[in-house]
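Residue numbers (this note's numbering): 9 to 597. The C-beta atom is built at its ideal place from N, Cα and C for all residues, glycine as well.
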Ligand code: GTP
Ligand code: SPV
Ligand code: MN
């Protein structure tokens with residue numbers, strides 16, 4: 009047995025009694041065991057072994073056609089009191105949820121193997137790390153968890169023999185029936201039940217389910233923060249590194265920003281960017297009073313389409329070995345993979361993400377828009393030396409951002425922490441293919457946490473305000489960015505990607521008191537000439553346009569915020585109500 013922990017053993021026994029697998033396999037994380045599982049998945053067709061010369065250790069997987077993204081409508085927070093889930097979450101009574109899902113799980117692993125996966129979110133040995141155990145009937149889940157987390161015996165060693173402090177995750181593909189698909193979280197029980205899906209965000213329970221929904225609730229209880237944020241380090245020519253954490257909604261540019269390659273103007277001088285994390289940050293106040301962040305993950309579950317040598321060479325390089333591709337195009341001549349935006353040479357002899365013969369000329373996309381790669385962080389050429397530092401890294405700036413065709417300017421800074429919490433709370437963004445449903449619809453997505461906050465969002469805002477009070481003058485400065493403003497033809501105006509570094513430079517200069525700002529009704533903005541555009545084919549006038557604050561659009565937005573805030577009733581912190589009133593007043597002036 010892999011552990012003597014009685015709490016784990018008892019719980020696994022209960023899950024076995026419920027799901028009735030033919031056998032139970034404990035995952036120790038050894039290469040021998042993993043190779044055996046890879047061979048089984050290959051034999052059953054669950055995973056396709058790719059060209060091992062070009063892509064050593066890489067596999068292709070296709071999900072069911074009805075199972076390609078997170079399902080927010082079927083995701084529930086099952087707190088005992090409905091009020092504790094808040095107006096932005098779906099709620100189910102925990103008793104009802106256990107009963108309803110219990111029926112679906114009943115015997116769901118008959119004829120199958122149950123895999124018991126111990127894993128650690130955060131570096132092994134870090135006081136900030138937390139242990140989870142996921143039981144699943146999917147080899148794909150085991151192999152993804154191996155890449156995304158510190159998986160195996162070491163996680164049980166970290167938990168110890170007595171502790172009951174682990175997140176219990178139960179997953180079964182069951183019949184992949186989308187009418188019986190449920191992703192249920194029981195924050196008060198440290199428990200997650202997920203059934204009838206095989207898509208990453210619904211079934212890699214360490215990721216959004218634990219590291220955001222459960223962890224955000226734990227953070228509220230224990231005085232720390234779990235956020236949907238990338239973490240990057242920006243090194244100057246003197247070798248000093250400053251760290252930035254940034255929250256953008258799903259498929260809005262976190263992985264890209266985390267791995268950005270500085271424009272030549274900066275790289276020539278010796279500036280470098282290092283990746284600590286691309287999706288999730290756990291942040292605590294350190295002994296020195298500053299905010300410190302770790303990345304609880306060990307790999308990247310990144311959006312494939314649009315990833316190429318120009319946009320994100322570091323991500324592309326990360327996928328060259330030991331990577332699992334999901335729902336991309338299969339190039340049959342080379343036994344390799346392809347997706348829209350990789351290059352201009354789609355394979356002629358190929359299968360699309362559904363596994364059907366695909367004609368690139370026929371106009372239909374070959375890869376699913378939410379197709380993904382699961383790549384080990386250690387593959388990333390710009391992975392930070394602090395990636396596994398058990399203490400994490402100190403954060404100088406927090407950046408919020410979304411996809412807004414108009415309204416939000418390229419960058420602005422909040423007046424102070426409290427105003428910064430307001431700026432995060434009013435974030436809005438166009439929806440993307442990362443979740444099932446309509447794409448391109450603007451919705452409010454506070455702190456990019458709308459689908460991921462495990463408790464009442466009014467209390468979440470309150471928690472942000474309290475963290476700011478504790479941090480005092482050591483609090484990171486808070487900014488908002490928008491890479492996605494479009495012109496009248498719908499083209500992005502800002503070049504984005506590596507050139508986003510030009511905006512990060514102003515942000516860090518502000519943190520160090522080295523740059524000027526202009527006061528606007530929404531916050532501090534750079535002077536247009538303080539955004540470096542050397543080597544770009546846009547001019548100062550374009551930057552001025554990108555920074556423009558259209559008061560009429562903002563008044564419309566303020567009306568939208570008022571409506572959104574009304575949902576929270578008396579759970580909306582007074583500070584935020586006052587901030588909204590102050591914004592309206594400044595816009596009317
Ligand atoms: P999740 O993994 O879903 O949380 O997404 P993410 O926030 O990590 O987004 P990612 O970096 O994978 O980018 C999603 C899409 O946005 C990709 O198709 C990118 O090519 C595109 N994108 C990223 N950064 C930029 C940018 O600066 N400008 C433009 N125009 N597009 C970008
Ligand atoms: C997101 O949707 O924000 C992701 C991918 O990072 S998933 O794991 O599906 O949530
Ligand atoms: Mn994400």
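Roughly how many angstroms separate the alpha carbons of residue i and residue j, rounded to a whole number?
i, j, result
"residue 39", "residue 500", "45 Å"
"residue 602", "residue 57", "Residue 602 is absent from the model: the chain starts at 9 and stops at 597."
"residue 20", "residue 422", "48 Å"
"residue 447", "residue 439", "5 Å"
"residue 417", "residue 543", "22 Å"
"residue 8", "residue 132", "Only positions 9 to 597 of the chain appear in the structure, and residue 8 is not among them; the question remains open."
"residue 140", "residue 199", "10 Å"
"residue 163", "residue 277", "42 Å"
"residue 157", "residue 527", "44 Å"
"residue 240", "residue 118", "45 Å"
"residue 159", "residue 36", "8 Å"
"residue 177", "residue 60", "33 Å"
"residue 453", "residue 135", "31 Å"
"residue 585", "residue 124", "47 Å"
"residue 509", "residue 288", "20 Å"
"residue 54", "residue 75", "15 Å"
"residue 319", "residue 373", "20 Å"
"residue 346", "residue 359", "10 Å"
"residue 596", "residue 530", "12 Å"
"residue 344", "residue 103", "47 Å"
"residue 312", "residue 275", "26 Å"
"residue 122", "residue 166", "23 Å"
"residue 45", "residue 515", "47 Å"
"residue 142", "residue 445", "28 Å"
"residue 226", "residue 549", "47 Å"
"residue 210", "residue 465", "21 Å"
Please determine, among the options, the residue with the shortest C-alpha to C-alpha distance to residue i.
i, options, result
"residue 113", "90, 131, 183", "183"
"residue 249", "170, 103, 272, 402", "402"
"residue 308", "71, 108, 332", "332"
"residue 485", "591, 518, 306, 334", "518"
"residue 216", "206, 229, 234, 227", "234"
"residue 280", "214, 539, 193, 391", "391"
"residue 161", "126, 317, 588", "126"
"residue 266", "180, 310, 296, 273", "310"
"residue 537", "529, 588, 553", "553"
"residue 29", "144, 73, 395", "144"
"residue 110", "190, 515, 247", "190"
"residue 5", "483, 172, 71", "This structure cannot speak to residue 5, because the chain is shown only from 9 to 597."
"residue 357", "152, 351, 365", "365"
"residue 432", "14, 456, 129, 97", "456"
"residue 232", "548, 587, 578, 479", "479"
"residue 2", "449, 435, 83", "In this structure the chain extends from 9 to 597, so residue 2 is not present and cannot be described."
"residue 488", "406, 494, 25", "406"
"residue 154", "188, 305, 461, 573", "305"
"residue 31", "482, 120, 196", "120"
"residue 66", "540, 168, 282, 329", "329"
"residue 26", "115, 272, 548", "115"
"residue 175", "193, 549, 512", "193"
"residue 378", "574, 335, 272", "335"
Strictly by DSSP, which residues pair up with residue i?
i, result
"residue 339", "344, 358"
"residue 366", "358"
"residue 488", "408, 420"
"residue 67", "57, 332"
"residue 235", "289"
"residue 240", "252, 283"
Below 6 Å, is the gap between the Cβ of residue i and the nearest heavy atom of ligand 4?
i, result
"residue 287", "The ligand content of the structure shown is limited to ligand 1, ligand 2 and ligand 3, which means ligand 4 is not among them."
Quick check on residue i - is its C-beta less than 7 Å from some C-beta in chain C?
i, result
"residue 521", "Within the model displayed, chain C is absent; a lone protein chain is all it includes."
I want to know whether the region 511 to 522 touches the region 456 to 476 - three or more CB-CB distances under 8 Å.
no
- Task: Inspect the CB distances between the region 224 to 238 and the region 500 to 510 and report whether three or more fall short of 8 Å.
- Result: Contact between the region 224 to 238 and the region 500 to 510 is absent: fewer than 3 CB-CB pairs across the two stretches fall below 8 Å.
Suppose only complete runs of 4+ residues qualify. What are the alpha helix (DSSP H) ranges in the region 86 to 140, listed by chain order?
Runs of alpha helix (DSSP H) with 4 or more residues, each lying fully within the region 86 to 140, are found at 102 to 113, listed in chain order.
Exercise for review: Enumerate, from N- to C-terminal direction, the unbroken alpha helix (DSSP H) stretches of 4 or more residues contained entirely within the region 280 to 354.
Suggested key: Runs found: 321 to 326.
Original post:
How do the region 82 to 96 and the region 376 to 389 stand: do at least 3 beta-carbon pairs fall below 8 Å, yes or no?
Top reply: no
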